[in-house]
Structure formats: structure tokens, C-alpha cells
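Working notes, structure below.
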Amino acid sequence: MGKCNQELLAERARNIPLYLHAYAFHLNMRYERVLPGDLLDIAHQQQLKGVKIHVEDGESQSLQKLNDRQLHDFKEKAQKYNLDVHIETSASDQATLTDAIRIAVATGATSVRFYPRYEGHLNDVMAKIANDIAWLSQYDDCGLSFTIEQHEDLQGHELVTLVNNSRMKNLSILFDFGNMINANEQPLSALEVMSSLITQVHIKDAKIIKEGKGWGHEACRSGYGDLPMEEMLKALLLLGEDKPQVHAFGLEEEVEYYAPAFRFDDEGDNPWIPWRDASYTPLPDADMIDARLAQEKEHALAQIQYIRDLCKKFTDYQ
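Numbering (this note's numbering), first residue to last: 46 to 363.
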């Protein structure tokens with residue numbers, strides 16, 4: 046790395062836009078011990094730029110379940126803290142995206158993230174997603190940005206094709222540190238393939254699990270897994286010449302989340318993509334609930350410090 050890149054890395058590491066991801070408190074939100082408004086409090090206390098919240102996080106108290114008055118109160122609280130809000134959802138069909146956009150507008154959010162969940166041969170799945178994105182394009186000038194996440198079943202070049210073919214100026218890719226594993230890709234090479242279109246990130250670590258002719262992953266504490274976190278973070282910070290290309294790094298410490306292999310060495314040109322449920326972390330045994338929820342909070346806060354320590358290392362390169 047030349048001196049120019051060292052200086053650029055140091056500058057961007059000092060100003061990295063960190064977002065608290067609700068999935069870092071996934072179990073606490075499942076038990077309604079942490080609610081969307083609480084995430085705003087934590088993000089403010091930790092001096093983060095914003096929050097990334099799934100529409101269903103918080104169960105009966107999720108953003109999806111709140112009425113207009115409650116959504117407005119959430120918006121006002123975020124504005125009081127000067128926090129940016131990103132809304133996330135786990136499908137790409139019209140009904141799902143319509144609801145996510147409704148919630149995003151009501152909460153004053155600036156971004157909506159989605160990913161497709163279709164079963165079928167790859168070519169048919171790609172056609173369905175392209176149709177969803179064609180419908181979404183009517184919102185290209187609504188004031189929101191949109192990201193499609195690489196989420197375990199599609200490979201980087203397939204996502205690049207979908208985004209480029211969409212001709213949407215406000216659609217880009219959200220890069221997850223571990224999800225390419227399940228699509229039978231390596232982290233750094235997948236990042237390179239998608240690099241020109243990445244504007245947002247989910248940061249996590251994971252243990253890579255060999256599964257036949259493919260790979261699964263189990264998310265773990267940052268620094269305890271198999272992913273090249275430092276190298277990926279460095280590469281992502283350096284994207285963009287005149288200004289940072291990545292403007293949101295979501296802290297997604299989702300320990301014990303497991304995802305199986307979806308793509309394989311011998312799958313051919315038009316593989317079958319199986320149905321997949323939304324992301325899920327196994328629940329603790331009844332007698333371990335309180336301890337596990339407390340541990341999850343500790344892990345989430347520890348990840349914030351872990352990433353800040355990495356950024357401090359980058360600034361010290363000078």
C-alpha cells in the first residue's frame with residue numbers, strides 16, 4: 046500500500062460511519078427485552094451514526110406493528126439523537142417492499158435493504174428478482190436509497206448483473222462479511238467482484254463449515270472466526286476516490302446464527318436454488334434465557350470496541 050492509500054485509510058478509519066444493527070440484539074428483541082427505541086438509546090450512548098432495524102425486530106413491538114403515532118415518535122427520537130435510520134426487510138416481492146417503504150417514510154429513514162428469497166432454477170430466480178426490481182424502480186426518486194444484500198444464495202456477479210441491469214441510480218449492494226461463504230465464494234474475491242457497487246456493509250465474523258461440495262457458516266464473536274475481517278474492512282474503507290463509497294457499516298454481532306451451503310462446486314450453470322427462511326438464531330434453553338440475553342448485550346458492545354480498535358490500528362499506520 047502506498048503512502049497516499051495509507052493516509053486515505055487513516056482518514057476514513059477515523060471517520061468510519063458505524064451503525065448499530067438490530068441483529069446484534071436479535072435474541073433480546075425476540076424476547077422483547079430490547080425494542081426499536083432502545084436501539085436508538087444504545088446507538089446514541091455509543092456515539093454511532095445510526096441504526097439498522099428490520100421491520101420485524103421487536104416482535105409485537107416491532108416497527109411493522111406500530112401505529113402512525115408510534116412511528117412518528119420513533120422518528121422524533123432518532124432526530125433528537127441525530128441518528129440516521131436504515132430499514133431492513135427479508136424479501137423482494139412487491140408487498141414486502143411496499144410495507145418497508147411505508148415504514149421507512151414514517152420513521153424518517155434514508156435507506157431500505159432487502160434480499161430475495163425464491164426457490165427454483167437460478168435463471169428463473171434471477172428473472173423473478175429482476176421483475177421485483179423493475180417494480181421497485183418507480184421509487185428511484187422517492188428520497189430513499191435501496192440496497193440488495195448478498196445473502197447466501199446468489200453470487201457476487203449475479204448481484205452485479207441485477208443492479209446494473211436495473212438502471213436504478215439509487216440501488217446498490219450491501220456487502221455482508223460472511224454470506225458469500227454459503228454461495229461458494231471466498232470473502233476477498235467476492236468483495237472484489239462487487240466492489241464497484243457496494244455502499245453499505247454488515248460486519249460480522251463466522252466459522253466456515255465444510256458441507257459436501259459447498260460451505261456453511263456459523264456466526265461467532267468478532268475476531269474468533271475464519272473471516273479476514275481486517276483485510277475486508279481495509280478494502281471497504283478504501284472504496285471510492287474523491288469520497289468514501291461505503292457510507293454505512295452495520296455492526297451485526299449475531300453469535301450462533303447458522304446458515305447452510307446453498308451453492309456447490311458441481312452445480313452447473315443453472316443450479317436449483319432451494320427455499321430458505323429468513324435469518325434465524327437458535328433460542329436458548331428456558332433456564333439459560335437471562336444469561337444468554339445478557340451475554341448477547343456484552344458481545345454487541347464488545348464488537349463496537351473491536352472494530353474501533355481495528356480502525357485505530359489503521360490510523361496508526363501513519
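Note that the Cβ used here is the ideal one computed from N, Cα and C, for glycine as well.
CB contact flag (residue i, residue j, <8 Å)
i      : j      : result
PHE294 : TYR64  : yes
LYS258 : ASP198 : no
THR244 : HIS292 : yes
LEU128 : GLY95  : yes
PRO319 : GLU164 : yes
MET239 : LEU296 : no
LEU108 : ILE146 : no
THR152 : PHE119 : yes
VAL170 : ALA154 : no
ARG337 : LEU111 : no
ASP177 : SER137 : yes
VAL79  : ILE148 : no
ARG57  : PRO289 : yes
ASN210 : ASN315 : no
GLN348 : SER267 : yes
LEU355 : GLU275 : yes
Enclosing alpha helix (DSSP H) for residue i [first to last residue]
i      : result
ARG158 : First-last for ARG158: 156 to 159, but that is the beta strand (DSSP E), not the alpha helix (DSSP H).
PHE222 : Note, PHE222: premise wrong, no alpha helix (DSSP H); not H, not E.
VAL79  : VAL79 -> no alpha helix (DSSP H), and no H or E assigned at all.
GLU358 : Sequence inspection shows Lys at residue 358; the Glu mentioned does not correspond to that position. First-last of the alpha helix (DSSP H) with LYS358: 334 to 360.
LEU281 : 274 to 282
LEU167 : 167 to 181
GLN139 : 139 to 152
Run of the beta strand (DSSP E) containing residue i, from where it starts to where it stops
i      : result
TRP260 : 259 to 265
SER190 : 190 to 194
PHE294 : 293 to 296
GLU197 : Neither: GLU197 is in no beta strand (DSSP E) and is coded neither H nor E.
VAL130 : 129 to 133
GLU256 : 250 to 256
LEU242 : No beta strand (DSSP E) contains LEU242, which DSSP labels as neither H nor E.
LEU63  : 63 to 66
Presumed contact (8 Å Cβ cut-off) between residue i and residue j, rounded CB distance
i      : j      : result
GLU298 : HIS344 : 5 Å
ARG321 : ARG162 : 6 Å
LYS67  : ILE98  : Checking the displayed sequence, the identity of residue 67 turns out to be Ala instead of Lys. Indeed, because the Cβ distance is near 5 Å, the residues count as touching under 8 Å.
GLU230 : ALA264 : That belief does not hold up - the Cβ atoms of GLU230 and ALA264 are roughly 17 Å apart, past 8 Å.
LEU272 : ASP250 : 5 Å
ILE248 : ILE352 : 6 Å
VAL208 : LEU236 : The Cβ separation is near 15 Å, so there is no contact.
PHE359 : LEU54  : 5 Å
Any contact of the region 219 to 226 with the region 186 to 204, i.e. 3+ C-beta pairs under 8 Å?
Verdict: yes, contact present.
Mind the definition here: the region 280 to 291 touches the region 82 to 91 only if three or more C-beta pairs lie below 8 Å; say whether that holds.
no
Contact the region 206 to 214 vs the region 168 to 186: 3+ CB pairs below 8 Å:
yes
Which runs of the alpha helix (DSSP H) spanning at least 4 residues fall entirely within the region 74 to 126, listed in chain order?
81 to 90, 113 to 126
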